[in-house]
Structures are given as structure tokens and as C-alpha cells.
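Asker: Numbered by UniProt numbering, the letters in the sequence shown go through residues 1 to 1168 in order.
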Amino acid sequence: PRLDTAHWLLCGHPVFAVFRAVQTPFEEAKAQRAGLAAGNAGLQLLQQLTIRVPAHKCPRINEEDPGVDTLFDGIACCLKEVNGHRWFRSNDGRDIQIRLVEFGASVYKGLNAEMVEKIVEAEVEWQHMTLMHRYNLMHSFLDGFASRHGASVQGNASFQRREALLADLARDWTDCHFHSPELLLPMTFSPPPLPEFSPRLEDFLSLGAAVVEEERDFWAWLYVWGRFAFLGLLDWQRNYNTKPRELASASEQLTFATARAWRKYTEYRPLIRDCLSTMGRGGAQGQAIRDRILDIMHKHKIPESTGNFYEQWHQKLHNNTTPDDVGICEAVIGFLESNGDLKTYWRILGEHNVSRERLASYERKITCEPYMVHTNIGDLVNDFRSYLSILKDVHDALDIKKAFDYARQYLPHDAVGLVEQLVQELGTQRLQQKPMNAEDAMRRFQTLSEARKKIVFTLNQDGGLGDDGNLAAMTRELLFLDYALEQQQGVLIQGNAAKFSLKQLVVALRELLLTLSAHQPVNLELRSMYADWAHLGDALAACSEGAISCSCVFDAREAALLMKALTDRVVRFVGGTVDSVQEELGRKAVYLGNQVGTEKKVLDVFVDEVLRGSALFALSLLVKRLEPLLRNAAMLPPWQLISIVERVQGELDKVFETPTVLLCGAVSGEEEIPIGVQAVLVRSAAVSPDILSHVAVRARNAHVLVAVCFEAKVADQLESFSQSWVEVLSAKDGSGLEVHPATRPNAMLARRASKLFNRRTSQELFSEASLLGRGASFVEEARRLRKRTASVSSASDGDEERLGDLSEDSDPDDVMQLKKTSSQWCIPMSTFNKKLVGSKSSNIKKLADALDPSVLTPRSVALPFGCMQKTLSASPNQPLLSELRQTLLDLSPSSGTSEASQIFEKTREILAKLSVPPALLEALQECMRTADEEARQRQGMDGETLDKTLGDRPSLFDLWRTSGETRCAEAVKAVWESLFGLRPWISLTKAGRKYSELNMAVLVQELMPAHCAFVLHSRNPFSDEKDEMYGELALGLGEAIVGNYAGRSLGWRMKRGGEPVVVAFPSKSECLICPPCLIFRSDSNGEDLENFAGAGLFESVPAFQNRVQRVTYWNARIITDRDYRMRLLKRIGELAFLVEDKYAVPQDIEGVVVGAETVALVQTRTQV
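Set out below in C-alpha cells:
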């Protein structure tokens, strides 16, 4: 190898001098030969060469890092026969490059690793590299992608189905973007069957998911690579002279290939469009770059002698023109027009990020400054302006004037005048540099929007599919023009959003959503958001300002509330997309940057700069301006808080020794609250839990404050309290919250309050000064509190028998009560009691007996406590019982979460092998027949009448046959498996209860065909007023409310005998639907165990999987028809008070609306 360092040592050779080529023979690999002699056919005889290279010590990244760094990056060499004359180079004819890989820049192991290694090899190892080489390599990658994609379509049936559905969505966009897919919510007991796969149901996105992940990763890598080149972070020229026409040709071919890809791969269009934005247009003007500069020099008698600026630039242009030449030409024009002002020259170069050092770094260096040529300067300026146009043709595809010139022939006739007017206005404004008022800015914005609308509708004709030559040319030019117009929109919003009125903001937001949707026609969330804003936005904005009345809202407050819900959805979309972009691009940028030596400060802001240059940034600015206007009109408070963690999920089993307030970045609704936490405060409304989510229910049970902040300034101020003692004061009705500095309390009381994990008892403990005097122990205090709670519980439950504390008479060797088998497989609802089933089953029986026949309850049977144990005891399952018992013996209260998680995973694997006995399934069927007969008799006695439009209500046995025996058996097993989970174990441990006390019955019910679902608290948990209820309602099944589904539900409160007051409109993006079937609900004794809130800890499993559909609200009657909404909410609210009266204590109630107005209650439990 040719070695450019002074200290080298090859095995068998002495240290040699610098710049001498050394020939070193290979040696036989003895270890490999020994392997062959031993009969290892997998080993091949190799030769080896050891080269020791100089290095120095450096800081270690981690324990595996040797802490050594080489003094150079690699070796260039070639191979030669020892006794011959043949020489061997790499496949591309270049020297062989041996790269020395740093520890932190190890071989890439992610998706598309082969492509990534080729990129790194080209950028780091190739001796010759130019924009032309890079574009050609990109083009070869596109060809390879097309081949792999075609093979995936041919060889993967599910991926083929996905492609067909996406094509349907793309074709559908032009006609249906305004309406969005029709909601498939049931309106009868026998709704039409759901399609197996449909673009309206998002489970089709699981088709071919692995292929999509790899293909999306491919386009993300291509964009990161292209963006690095666009920013000048990669070499534009290295040891090679490129003819301008060759560069222009390579660029043209690549952009045409990218445009064809945009038309063909609909799912990746946003990334493909971004890739295109990093490329020059290329074309036929490449040779003119060489020719015209010589013409100018000859015409104006500029000498071609060395030592002057114009000749140096001429040599650079001849040998390697790059995008820098656009900036250089503009700087020369500025210099000449300013009568030779070099400050103007350097200023313009600086605007193009071209420094003196960069000019001197070219292989054809530019070290001289321009001078005033002895000629007609006006003519020379005009000639350079013409030359600038040629340079922009090749290098600057996003120049708005050039983009318009090329796209003009493809634009609709009425769009040509619009864009022409815009180009003229922008040129005039650039010269005058006058600030714009809000009206002028909005007029400009609407003109830009109208032009973009005509462009995107042209692009999306017939779905934007098909890739023949003419369509590809049209797509390329229209995409370039649209990108240039989008940049102008962004600049306009950045400078003027703060001036816009509410109506203007609504218009701007709607138009941005339209063009975003146009470039992502398969994105149903964008389509749904645009449809809502298009149908509701203008009317709501006018209503909120008092200009007009609106059928969907009562007054300006309600109008602002509904717009706030629509805005929250946009905020959530922006946040999710930002996270996705960071995930897709961030690590790739860091990896590539480390390979090519990019500065850390550049990598740190790489993704931020990508986002700031996108339409998302403009959208976020509009929302930022809109938010305070809406909160003010809706009369909403700001919020609520101080040890900072990003996600509660990572803190599940953490014990805070000091009473702590957590200020969190995100709470999904499914987490456990750590011991010692007195309050959880969420900084972002976009990632906050529902008010009635499981975490909220458990927090209220533990008297822990959970609050959500809607103003970033307030949240930022609260961060200043980090690691400080604070006093949190909250209004009883939740209308306000304040945080003040506080003095440190007595250390002993603080520790004991933390261990109590109860905000109410913590406050009592601090206030009872007598405890300090008598030194009451934590155990004594806990016993006193338990007695107090037990007395209240026994009084509230009346004469009903409670399960009580099972630990007193339980067998200490009976792990999870596995020895306690039931005498029956299945029982009808008429025999439900708390010895056999949990509160869920017992309460549904009481509801069915107590409610008016006009209020439906689901027909039900149950697998009682001990049924799982009985199944395990059946002969085929006895080995599993022994294995399960042995596995659970490893679990103890002192087990860490990692250990417990592994144990539970193993127990679920054991239960998955469970064979459901035929006797259980037969008993279940017989029990359903009995329940159906009892229902018919009760219907005859009670005179139950149903709305005829709902159709015939199916029997339990009908649903059994619809659901299928196999699905039902698997659903039962899934419910039992949920008993063995980390969250219930943690909750029991915190409550001081034994995990073995848990038992599980299974409530088998008809799944009511929910058009919408609701959750009620008969006593408002925020105001704590006795005669005021609070409820939340969402379209589809109720899991969207209590589960981890982002966004708020429709919330309302109502006083006894009063009218409903809407406090929040829905902002959820998804609703859940399911075909008619049985649902198997977990019914543990957890809700009967003292000091343990079991809500939401276990699974309820329908026989058919829930289907997810994107929601629109403009066509939902509960939103658009205020009279209907108020009538329905009042009816539901009155039921909350009725159920509370039946139970004599406040209730937490779940129910659904069947059809338009038929209400069904499916569950109730004591409110905590």
C-alpha cells in the first residue's frame, strides 16, 4: 500500500519511510489450515496479512470500548501476483479501500444495511466523488428498490392486498377528500357485516407491515443522504472533473426516476417528495454552463490568464460546477451593481453559506476577488443574469420563477395567471422589502393556497398513479413548483401568524391541511381532520365571534370548545408526526454524520431544521396562535405541575422516599402511579390521559392529584420548582390550580406520609400534631385507617355479603388459590352472588332487576370463581397445573419488576397451552339456552319493547354460533391469562395485599352494538357535589374512553333535575367497532379487596377483534344536532342519578347507545 505517515510496521518488515510504496506478501492462515485438516469443511484456506497501525489513547465510550483511536481513517492499496504481472483493483476499477472503523462507528446493522454500507463506502472510501457520482448511485438504488418492491408484490399476498387498498384510497382522494370515509357505526342489532379488509378500517395497515417498514426505512435513508449533500455536508467534488452536461444528465435522470417513484409508491410520497427537494433539476442546459461563461469572457474581453477571479471561476465551472455557483454568480452581479462594493459580494456569498475558506477549498481554487471590468457594466450584468438563469436551470429546482417556467405547460389554464401574479408580487416585494398587514398577508396566503390547490388536484388525477414519460415530467415539474410555493407559504405564516384573526387562522389551517392531505392521500387522519375543518371551521369561527348562530352549538363558548377539540387533534397529529420524523431521521443522520465527520452541533439540529422547513412548522405556528384565542373564548382555565420524568411508564415500581409531585411529559392512561407520589402533572394536552381512564380512576382512589397543563408557559414556570418543596392548592371543582414554594416539613412525617401513598391520609397525618407527641407507628396508623375504611364500606354495601379478607382462611401453600375449584362450569345470571362471581357480574344482575325495561342490560352468564382452577385440574391440563404452581412459587413481594415480568410471561405461556375442556363449552352453551329462555319469559312479563328500527335482538346462543366455539375458547383463556400481569401485582403490593388473594370469574355477555358509548360518575369527581354527575361519551365502543386511545371524549356535567352542560367536545381520532358477538369480561375479586382498585387491570376480550376506524365529527349527529345531543345527554345523566339511588352510594357506570336513542347500561361499580 501507499502510506502517507511516518511510522508504519508490517509484520516481517522494518519501519519504512514516508511516501514509499511497499510490497508485502501474504502468509498462509495456519489456523484455517488446521481446521481443514480436522475435517471442518466450512472453513476455507485463506491467506492473511497483518498491518499494525499507529494509534493514540482516547476516552472510552463504554466498557466494551478499548479506548484507542487510529491516527488515520484507512488504507488505499491494490493486489499483485507474487510471481506474476497481474494487478487486482476493486470492481469499479479504483484502488481497494480498507477502512479502519472506529468503535462508535461500527458496521451498520439496521434495515437496508447493504445500502447504508455502500453509501458510507462511497462517501468515505471512494477516491473519486462528485455530485454526478452520487446521483448515479442514488439512481441505481432506486432501480434496486423497484425490483425488490415488485418481488414483494408478486410473492406476498397480504402486501399485494395492501397495495390495492392504498391505490383505491389514492384514486378516491380527489372526489372524497372533502367528505372522508363513511363511518361504519352500527345503527341496529344486525348491522351489515364488516368487510374483511377495507381502506375505511385501519387494520389493513397490518398487511405486509414488515415489507413496509423496510421500504419506508429505505426512503428515509435516501432523504437523509440527499439532505446531507444538499447542505454541503458531503463532498461535491473529490479528485474528479465532471463535465457540466454529464452532471445535468445524471441529475435529470435521477429526478425523473424519483418522480416516477412518487406516482408508483403512494404510501411513501411525503418522503419521496422530500428526496426530490434535495436534487437539482438537471436537463439540457449543462453544456451551456461551459459555453456561456467563455462567451461572456470573450465578449467583454476578460483575460483567460491565471491570477484573476473570473478565470479562476471559469476553471471551476469547466471542471466541476456545483450549486455554489448560483451563489457566486449572484454575488458577482451584486458586486457589479454596487459599483465594485466587495462588502456586497461577501454578504451575498454569506447568504449562500459560501465562505472565503470554501472558495479556496475547491480543487480549482478561487482565491482572488472580483474586479470592475472595463466594459459596459449594464451589459455585463445582463449577461451574468442570463447565465444565472442557466445555473439555476441545472442546480436550483426550487427557484420559484424557474419552477414556474418549467411547470407552466402542465398547469390548468386558470392556475397560470395565479402563479404568474405571485411570481411578480414576490419579486416586487423582495425589492421593496415592505412589511405586510394582516389583510394583505391573508390575501397573499389565499392566492398561494389556490395555486397549490390547483397543482395538487392535477397531481392527484386518477390517484396520481401511472408512470409513463409525460406523466413523470408533469409530476416532476409540478412537485418542484408546489414545494417552492409551500416555502413561500411558510415564510408568510412565520412573519404574519401573530396578526391573523380567528377567522383568518381557521382559513389558513384548513388550507394547509388540504395540501398536506393531498400529498398523503392514504393518510386517513389528515383526510378526516381536513373534512371536519372544511365543514365546521368557518361557521364555528363566525359563531365564536358572535357573528352568526350555528345548529351544532348553543353559543360562542360552545363554538370555541368544539374548535378547541378540532385544534387538539391537529396538535396531536403534529406532535406524532414530529416524533415519527425524529425516529426515522435522527439516528440515521447521526450515523452518517459520524461516518463522514460532520460536526456534532450540525447533527444536533439536523432534524429540527428539517421540521422547521416543512409545512408542519407553519401548522404549529397557526395552532400556537389559535390556542389562546380559543381558550379565552371557551373560558377555559390555564391549568396545573415538579420532579421531572418523561414518562410514568418508566417509573412504575419506583418508590419515592420523599412525598413527590411528578411533572411528566406524557401519560397514556394505563400506568401505575409510583409509591410516594402525591400529584402527577402532565405538561402536554396531546399526550394526557382521559379523565375517566384507568390511571385516573386509580389516582382518585389513592387521592392523588392528576392535572393536565394547556399552556406551555405555565408548565415551563413549574419546572423551576424542580427538587424543591412546594404547596399545591387546587380548587374543589378543578377550575384552578396554584403552586407555591413551601418549607420542608418534619422529616419523620414526610417519610410516613410517603409510605401511606394516600394524599388524604398524608394531609391528615401532617395536621394531627398529636401523632408527634405519642409517636404513633406507621402500622398503628395504617390499622386505624383500615378500620375506618372497612366501617364505611360495610355501611355502603348494605346487607350484601362481601368476599372479605380471604387470607384469614386461605391455605398458605395454595398459590393463587389453585386448589379451589368450582363445582359448576357455568352459571346463569339468576344465580349470581358474590361467593361465585365478582362485583361486575353481581352488579349487572342487580341492574337488570332494578331498571326500567326501556333501559337495556346485556344478557349474561358467567364462568364462576374456580372455573380456571377446575380447567387446570382436568386430566389433559394437570401437567400445566404443576408447572404453573412451580412457576408462581418464585414470585414474592420483594421480586423486582424485571423478575416478576419474566415470571408472568412464563405463566401466560403456560396458560396459552391450556386445553379448554369440552364439558366447559357444553355447559356454557346449555347455560346460554337457559338464559335465553329466562330472557324471553322476563320480556313477556315486563313488556319489554324495542324500537322497531333496531331489528331483532339476537339471543346469547345465536351470538355463540356467530362467534364460533374456537374464538370463544381462546377469549376465555385470554381473560384468565390477564390475571397474571405486572400491573395487578404492583397494585396489590402497594395496597399491602397478597397476590394470591386474586381470583377470576369470566362474565360472558352479548356485546351491545354501540353507536356510541359512555362512562358516568354519578357524583362529579371534580366538584365533589352530591347532586351533580359527570360523564364522557365517545363514538363506537367504550374502550376508546377507558383505554389508551388519544384525545378527549365529549364531556358533560349535569345537576339533578337540571340541564346538561358540555365541558369538552371530542377530539379522539379513532372509534372502535366490532361485529355482533359475545364478549368475555374479566370479573376479578379485585374490586372487592379492601384498599385495592382493580379497575382496568384485567382484560375483557370480544370473540371478534375490535376494528379501528378514523373518526369524523362533521357528519356525527351527536355533534351537528345540538337538540339531539342535549336530549340524549340529559337522558343518560338522569340514569346516573337513578342508578346511584338504587345502590345508595355514588356509582361509576358504563353504557352504550344502541341506534339513535336506546340506552343500555353494561356495568356499574362503586365510585372511587
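Glycine residues also receive a C-beta, built at the ideal position from the N, C-alpha and C atoms.
(1) Of all the beta strand (DSSP E) runs that stay within the bounds of the region 959-1012, which reach a length of 3 or more residues?
(2) Taking all protein chains shown into account, do 16 or more other C-beta atoms lie within 10 angstroms of the C-beta of G84, making it buried, or fewer, making it exposed?
(3) Please report how far the alpha carbon of W28 lies from the alpha carbon of Q48, in whole angstroms.
(4) Using 8 Å as the cut-off, can you tell me whether the region 218-225 makes contact with the region 1071-1083, which would need three or more C-beta pairs spanning the two stretches below that distance?
(5) Touching or not, the region 561-579 and the region 623-636, by the rule of three or more beta carbon pairs under 8 Å?
(6) For F757, does the count of other Cβ atoms within 10 angstroms reach 16, so buried, or fall short, so exposed?
(7) With 16 as the cutoff for other CB atoms within 10 Å, does R788 come out buried or exposed?
(8) Using the C-alpha atoms, what's the distance from K820 back to E997?
(9) Sort G537, H535, E425, L471 by Cα distance to L492 and report the nearest one.
(10) Under a Cβ-count criterion, where at least 16 other Cβ atoms within 10 Å of its own Cβ denotes burial, should W985 be classed as buried or exposed?
(11) Taking 8 Å as the cut-off, does the region 290-299 touch the region 262-279 (at least 3 CB pairs, one atom from each stretch)?
(12) Which whole-angstrom value describes the C-beta separation of H139 and Q253, a residue pair presumed to lie in contact below a C-beta threshold of 8 Å?
(13) Alpha carbon to alpha carbon, how far is P1021 from Y1030? Give it in angstroms, no decimals.
(14) Can you give me the Cβ contacts of M129 inside the same chain, cut-off strictly under 6 Å, excluding the 5 residues immediately before and after it?
(15) Does the distance between the C-beta of N470 and the nearest non-hydrogen atom of the ligand NAD fall short of 6 Å?
(16) Rounded to whole angstroms, what's the CA-CA distance from N877 to V1042? Just pull it up for me.
(17) At which residue ranges does the region 135-188 contain complete alpha helix (DSSP H) runs of 4 or more residues, listed in the order of the chain?
(18) Whole angstroms are fine: how far does the CA of N632 sit from the CA of A531?
(19) Where does Y1113 fall in DSSP's three states?
(20) Could you work out which residue in V332, D414, L705 is closest to I377 when comparing CA atoms only?
(21) If I follow the unbroken alpha helix (DSSP H) through E439, where does it start and stop?
(22) Rounded to whole angstroms, how far is the Cβ of E1110 from the Cβ of I1118, which I believe are closer than 8 Å?
(23) Between the alpha carbons of E1134 and S898, how many angstroms are there, rounded?
(24) Using 8 Å for Cβ pairs, my map puts L481 next to T447. What's the rounded Cβ distance?
(25) Distance, Cα to Cα, G208 vs L380?
(26) So, for G593: in the same chain, excluding its five sequence neighbours on each side, which residues have a beta-carbon less than 6 Å away from its beta-carbon?
(27) By Cβ distance below 6 Å, which residues in the same chain neighbour D723 in space, the five residues on each side in sequence not counted?
(28) Is the CB-CB distance between F904 and V975 below 7 Å?
(29) Tell me whether S796 sits in a helix, a strand or coil according to DSSP, three-state version.
(30) Measure the alpha-carbon distance for R269 versus D849 and round it to whole angstroms.
(31) Could you pull out every residue in the same chain whose Cβ sits closer than 6 Å to the Cβ of R744, ignoring the five residues on either side in sequence?
(32) For a test of the three-state rule: what should DSSP assign to W1052, helix, strand or coil?
(33) Quick one: residues in its chain with C-beta nearer than 7 Å to the C-beta of D168, no 5 flanking neighbours on either side, listed in chain order?
(34) Please work out which residues of its chain come closer than 6 Å, Cβ to Cβ, to A923, disregarding the five sequence neighbours upstream and downstream, and give them in chain order.
(35) Between C867 and S963, is the Cβ-Cβ spacing less than 7 Å?
(36) Just to confirm, are residue 1171 and F309 a CB contact at a threshold of 7 Å?
Answerer: Let me spell this out:
(1) 1000-1006
(2) Against the sequence shown, residue 84 aligns to sequence position 84. By the neighbour-count rule (16 or more Cβ atoms within 10 Å), G84 is not buried but exposed.
(3) For the purposes of this step, residue 28 is taken as the residue at position 28 of the sequence shown. For the purposes of this step, residue 48 is taken as the residue at position 48 of the sequence shown. According to the sequence displayed, residue 28 carries Glu and not Trp. Those two C-alpha atoms are separated by around 6 Å.
(4) no
(5) yes
(6) Position 757 of the sequence shown, counting from 1, holds the residue named residue 757. Caution applies to F757, whose pLDDT of 45 falls short of 50 and renders its modelled position unreliable; the value that the coordinates give is listed next. Classification for F757: buried.
(7) Within the sequence shown, numbered from 1, the residue matching residue 788 stands at position 788. Note that R788 scores 43 on pLDDT, short of 50, meaning its location in the model is unreliable; the coordinates nonetheless yield the value given after this. The residue in question, R788, is exposed, as its Cβ has fewer than 16 Cβ neighbours within 10 Å.
(8) If you number the sequence shown from 1, residue 997 lands on position 997. If you number the sequence shown from 1, residue 820 lands on position 820. Straight-line Cα distance between these residues: approximately 12 Å.
(9) Looking up residue 492 in the sequence shown gives position 492. The residue with the shortest Cα to Cα distance from L492 is E425.
(10) Taking the first residue of the sequence shown as position 1, residue 985 is located at position 985. By the 10 Å Cβ count, W985 comes out buried.
(11) no
(12) To locate residue 139, count along the sequence shown from 1; it is residue 139. To locate residue 253, count along the sequence shown from 1; it is residue 253. That belief holds up - the Cβ atoms of H139 and Q253 are roughly 6 Å apart, short of 8 Å.
(13) The residue you call residue 1030 lines up with position 1030 of the sequence shown. The residue you call residue 1021 lines up with position 1021 of the sequence shown. One C-alpha to the other measures close to 7 Å.
(14) On the sequence shown, residue 129 is found 129 positions in, with the first residue counted as 1. Counting only Cβ-Cβ distances below 6 Å, and skipping sequence neighbours, we find D235, R238.
(15) For the ligand NAD, the structure offers nothing, since it holds no ligand at all.
(16) Translated into the one-based positions of the sequence shown, residue 877 becomes position 877. Translated into the one-based positions of the sequence shown, residue 1042 becomes position 1042. One C-alpha to the other measures close to 35 Å.
(17) 157-176
(18) Counted from its first residue, the sequence shown places residue 531 at position 531. Counted from its first residue, the sequence shown places residue 632 at position 632. Cα to Cα, the separation comes out at about 25 Å.
(19) For the purposes of this step, residue 1113 is taken as the residue at position 1113 of the sequence shown. In this structure, Y1113 counts as coil in the three-state DSSP scheme.
(20) Stepping through the sequence shown from its first residue, residue 377 is reached at position 377. Nearest option by C-alpha distance: V332.
(21) Within the sequence shown, numbered from 1, the residue matching residue 439 stands at position 439. Per DSSP, E439 belongs to the alpha helix (DSSP H) from 438-459.
(22) Counting from 1 along the sequence shown, the entry for residue 1110 is found at position 1110. Counting from 1 along the sequence shown, the entry for residue 1118 is found at position 1118. The sequence given here places Arg at residue 1110; Glu does not occur at that position. Their Cβ separation, rounded to whole angstroms, is 17 Å, which puts R1110 and I1118 out of contact at 8 Å.
(23) Counting from one through the sequence shown, the residue named residue 1134 turns up at place 1134. Counting from one through the sequence shown, the residue named residue 898 turns up at place 898. In a straight line, the C-alpha of E1134 is about 47 Å away from that of S898.
(24) Here residue 481 corresponds to residue number 481 of the sequence shown, with the count starting at 1. Here residue 447 corresponds to residue number 447 of the sequence shown, with the count starting at 1. Between T447 and L481 the Cβ distance is about 14 Å, and since that is not below 8 Å, they are no contact.
(25) Translated into positions along the sequence shown, residue 208 becomes position 208. Translated into positions along the sequence shown, residue 380 becomes position 380. For G208 and L380, the distance between alpha carbons rounds to 60 Å.
(26) Locating residue 593 in the sequence shown gives position 593, counting from the first residue. Excluding residues within five positions, the ones whose Cβ falls inside 6 Å are L603.
(27) Here residue 723 corresponds to residue number 723 of the sequence shown, with the count starting at 1. Per the sequence presented here, residue 723 reads as Gln, with Asp not at that position. For Q723, where only same-chain residues beyond five positions count, there are no Cβ hits under 6 Å.
(28) One-based indexing of the sequence shown puts residue 904 at position 904. One-based indexing of the sequence shown puts residue 975 at position 975. In this structure, V975 does not lie closer than 7 Å to F904 by Cβ.
(29) Counting from one through the sequence shown, the residue named residue 796 turns up at place 796. Caution is warranted here: a pLDDT of 41 is assigned to S796, below 50, making its placement in the model unreliable, and the coordinate value is therefore given only provisionally. S796: helix per DSSP, three-state reduction.
(30) Counted from its first residue, the sequence shown places residue 269 at position 269. Counted from its first residue, the sequence shown places residue 849 at position 849. Distance between the alpha carbons of R269 and D849: 58 Å.
(31) On the sequence shown, residue 744 is found 744 positions in, with the first residue counted as 1. Within the same chain, R744 has close Cβ partners W725.
(32) Mapped onto the sequence shown, residue 1052 falls at position 1052. Note: W1052 maps to strand in three-state DSSP.
(33) Counting from one through the sequence shown, the residue named residue 168 turns up at place 168. Same-chain partners within the cutoff: P199.
(34) The residue labelled residue 923 in the question sits at position 923 within the sequence shown. Within the same chain, A923 has close Cβ partners W825, C826.
(35) On the sequence shown, position 867 is the one that residue 867 refers to. On the sequence shown, position 963 is the one that residue 963 refers to. No; because the gap between Cβ atoms is not below 7 Å, this pair is not in contact.
(36) With the chain covering 1 to 1168 only, the question about residue 1171 has no answer from this structure.
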